[in-house]
Amino acid sequence: MNALLLAIGAILHQITPALGLPMQPDFALAMLFIIMIINDNDYKTSLICAIITGVFTALTTKFPGGQLPNIIDKIVTVNVMFLVIIIINKISHLTKLNTKLEKNILVLLVFPIGTLVSGTTFLLSAKFIVGLPASFSLLFVTVVIPALVINTIGGFILYHAINVSLKRVLTV
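Structure, rendered in structure tokens:
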């Protein structure tokens, strides 16, 4: 299942157009977050999937010299988000929310926070490794923030589509 989700994420990353500059929303990252949520915070699976996602996005990046920054960004992001998911899960269990609401809140927090961490890490690592085609702040506002919105909306839709598919497969 994880391999299939990674493959779908790689295909989505390849076909997603760039946002004006040579950068694009990262649906492979959205699939990585979905894998983390579905696998109930399994660190080994999350880390392996992050490395694979980093390699896939490095192979399909539209950012000149963005190969290494893509790999760095996925590894840093998965570690930060693993901790964020643990914290969110602990808070939701303390508040005794229902499971469906907990998952929706988790998804709506993980996608924007994770995309923010990923975009910032990518830009910083690219800045130091290959340089940026514009200022950090300009790229942050014109690429990371729109990608955050797109990944949150798209990721939420993808999560629910995958969840429905899984429920139908598991009941058959």
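Just so you know, the sequence shown maps onto residues 370 to 541 in the working numbering. Note that beta-carbon positions come from the ideal geometry of N, C-alpha and C, so glycine has one too.
Nearest residue (CA-CA) to ILE421, options GLY435, ILE444, PHE497: Across the set GLY435, ILE444, PHE497, the C-alpha of ILE444 shows the shortest separation from the C-alpha of ILE421.
Proximity below 8 angstroms, CB of ILE454 to CB of VAL486: No, they are not a contact pair.
Length of the line joining the Cα atoms of PRO481 and THR540: One alpha carbon belongs to PRO481, the other to THR540, and they sit about 32 angstroms apart.
Beta-carbon gap between LEU374 and ILE417 smaller than 8 angstroms: At a Cβ-Cβ threshold of 8 angstroms, LEU374 and ILE417 do not count as neighbours.
Cβ contact (3+ pairs, closer than 8 angstroms) linking the segment 429-443 and the segment 494-505: Segments in contact, yes.
Residue-chain proximity (SER461, chain D), Cβ-Cβ < 8 angstroms: Of the chains in the structure shown, none is chain D; there is only one protein chain.
Helix, strand or coil at PRO502 according to DSSP, with G and I counted as helix: Reduced to three states, the DSSP call for PRO502 is coil.
Reduced DSSP category for SER429 - H, G, I as helix; E, B as strand; rest coil: The question names Ser, yet the displayed sequence has Thr at residue 429. DSSP places THR429 within a helical segment (H, G or I) once states are collapsed to three.
Span of the alpha helix (DSSP H), counted from its first residue to its last, around VAL518: DSSP places VAL518 in the uninterrupted alpha helix (DSSP H) bounded by 514-540.
Cut-off 8 angstroms between Cβ atoms - residues of its own chain near GLY523, not counting five sequence neighbours on either side: So the list reads PRO394, PHE396, ALA399, once near-sequence residues are dropped.
Local Cβ density within 10 Å of THR426, reported as buried at 16 or more and exposed below that: With 16 or more Cβ atoms within 10 Å of its Cβ, THR426 is classed as buried.
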